[in-house]
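> In terms of full-length UniProt numbering, the sequence shown opens at residue 1 and continues consecutively.
Can you keep this structure in mind? I'll have questions shortly.
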Amino acid sequence: MTKQRRAAAARAQPSAKLETIARRAGVSVSTVSRVLNARSNVSPETRRLVQPLLEAAGYEIKLVDRRTPQLIDLVVPNFKSAYLAALFRALDEAAARRSVSIVLTNRDAGANWLALISRRQSRGVVLAVIDLDEREADWLEQNALPYVLIDPAHQPQPDTPWITADHRAAALAATEHLVSLGHRRLAFVSSISALAAVEREIGFQEGLAAAGLSAGPVERCDSSAEGAAAALWRLLDRPEPPTGIVASHDDLATRLIGAALGAGLRVPEQLSVVGFDDIPEAARFVPAVTTLASPLGAMAEQLIDYLLEPTPDRLRELQQGVRLPMTLQVRASSGPPNSADRSQKQR
């Protein structure tokens, strides 16, 4: 290297690390990085505070391109879930009120979703019902791109920001609802292994224990109508079949009800069923499904606000895991057990 080039390199070398500038400004290192890289998800006040410190330290700051589309990526495992469709609508409505668009990305479609996000210059990423591996998390951190997991598939790694519904408390409420109607023999049926279903099963058993009842049977099945029917018949074949079922989600609840009706059982007179999420089909189904509604609107508002203005305080809160309450929606699929019919089965 020539003397001139070495001198130029020395002049171009910043005199302070980003960590030092972050301490001086009282913000996070990722916020300083966002200012340096002209990310738009920084408030004008924060930019006015950090930018002079970067310039004084010798950093060259990129110009903010106001023509860049305001986008947030929603990364999902598939496009088949009614719950994910409802989540997309909630996020889209919350984003539209802030003049931001939601882009839907299928993580399992084979494409490199990180490359897609990089080309789109997204302002942030929402990852729904999936896990984030170390490589992906490192890429997002290195690119100063804020992200949040919503309803993660498994317990997130430490320091990962995430938000979810309080599934355990919701299942406790579902069980208490059926117990209050007079049910004493209850079962739990699940077709998924995600964290939400695990916590719902725990809450179900806690509800039985709180009512002084024995632990209820648990059946697992796939998500098909045939799988739901097989799980239902395994329960009905028990010496003391349940009079009420808590299903791990609404799709499964509708299939269990369909199987019961197809077998000649009356719902809710001979079998009550409660689901979770309050997808649109739950209200349209006959009989309409009693369910615990997910707080999608509230979660969407919090997610969008954080991604557009990722403050250190809010990040720390999300890294602890934020849980929002679900709401019981009582409909026609739950009612008092008919003591004269509860043990009848028809094939």
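Positions of the beta carbon are idealized from the N, C-alpha and C atoms, including for glycine.
What is the DSSP secondary structure of Arg67, counted as helix, strand or coil?
Residue placement at Arg67 is flagged as unreliable, the pLDDT there being 49, under the threshold of 50; a coordinate-derived value is accordingly withheld.
> Output the boundary residues of the beta strand (DSSP E) element that contains Asp92.
That residue, Asp92, is in no beta strand (DSSP E); its alpha helix (DSSP H) goes Ala82 to Ala96.
> For the candidate residues Gln142, Arg184, His249 and Ala230, whose alpha-carbon lies nearest to that of Ala194?
Measuring from the Cα of Ala194, the nearest candidate turns out to be His249.
> With H, G and I counted as helix, E and B as strand and the rest as coil, what does DSSP make of Thr243?
It is coil, neither helix nor strand.
> Would you call the region 297 to 305 and the region 166 to 182 touching, i.e. three or more CB-CB distances under 8 Å?
Not touching, per the Cβ criterion.
> Looking at the structure shown, is Phe204 part of a helix, part of a strand, or coil, going by DSSP?
Helix, per DSSP.
> How far does the beta strand (DSSP E) with Ser333 in it reach, from first residue to last?
First-last for Ser333: undefined, no H or E at that position.
> Does DSSP put residue 355 in a helix, in a strand, or in coil?
The chain is shown only over 1 to 347; residue 355 falls outside these bounds and no answer can be derived.
> Any idea if His154 is buried or exposed, counting beta-carbon neighbours within 10 angstroms, 16 or more meaning buried?
Result: exposed.
> Does the region 50 to 58 come within contact of the region 68 to 86, defined as at least 3 CB pairs closer than 8 Å?
No: fewer than three Cβ pairs fall under 8 Å.
> Pull up the distance between the alpha-carbon of Ala144 and that of Gly262, whole angstroms please.
If I take the Cα positions, the gap works out to 54 Å.
> Tell me whether Gly275 sits in a helix, a strand or coil according to DSSP, three-state version.
Three-state DSSP puts Gly275 in a strand.
> State buried or exposed for Gly244, treating a residue as buried only when at least 16 other CB atoms are found within 10 Å of its CB.
So Gly244 ends up on the buried side.
> Select from Pro161, Thr175 and Ala115 the residue whose C-alpha is nearest the C-alpha of Thr291.
Of the listed residues, the one whose Cα sits closest to Thr291 is Thr175.
> Indicate the three-state DSSP secondary structure (helix, strand or coil) for Arg220 in the structure shown.
Reduced to three states, the DSSP call for Arg220 is strand.
> Buried or exposed for Gly203, please, with buried defined as at least 16 other CB atoms from any protein chain shown within 10 angstroms of its CB.
Flag for Gly203 reads buried.
> Val75: beta carbon under 7 Å from a heavy atom of the ligand MG?
Absence of the ligand MG is noted for the structure shown, with no ligands found whatsoever.
> Any idea if Arg67 is buried or exposed, counting beta-carbon neighbours within 10 angstroms, 16 or more meaning buried?
For Arg67, the pLDDT reaches just 49, beneath the cut-off of 50, and the residue's location in the model is therefore unreliable, although a value from the coordinates is still provided. Arg67 is exposed by the Cβ-count criterion.
> Bridge partners for Ala187 per DSSP, in chain order?
Paired residue(s): Ile245.
> Check whether the Cβ atoms of Arg123 and Gln70 sit closer than 8 Å, and answer yes or no.
Yes, the pair counts as a contact, with Cβ atoms nearer than the cut-off.
> Taking the alpha-carbon of Phe285 as reference, which of Glu269, Gly321, Gly264 and Ala332 has the nearest alpha-carbon?
Closest by alpha carbon: Ala332.
> With 16 as the cutoff for other CB atoms within 10 Å, does Arg34 come out buried or exposed?
Under this definition Arg34 is a buried residue.
> What number of angstroms, rounded off, separates the C-alpha of residue 359 from the C-alpha of Val273?
Within the shown structure, residues of the chain are numbered from 1 to 347, placing residue 359 beyond reach of any answer.
> Which residues does DSSP list as the beta-bridge partners of Leu132?
For Leu132, which the question treats as bridged, DSSP gives no partner whatsoever.
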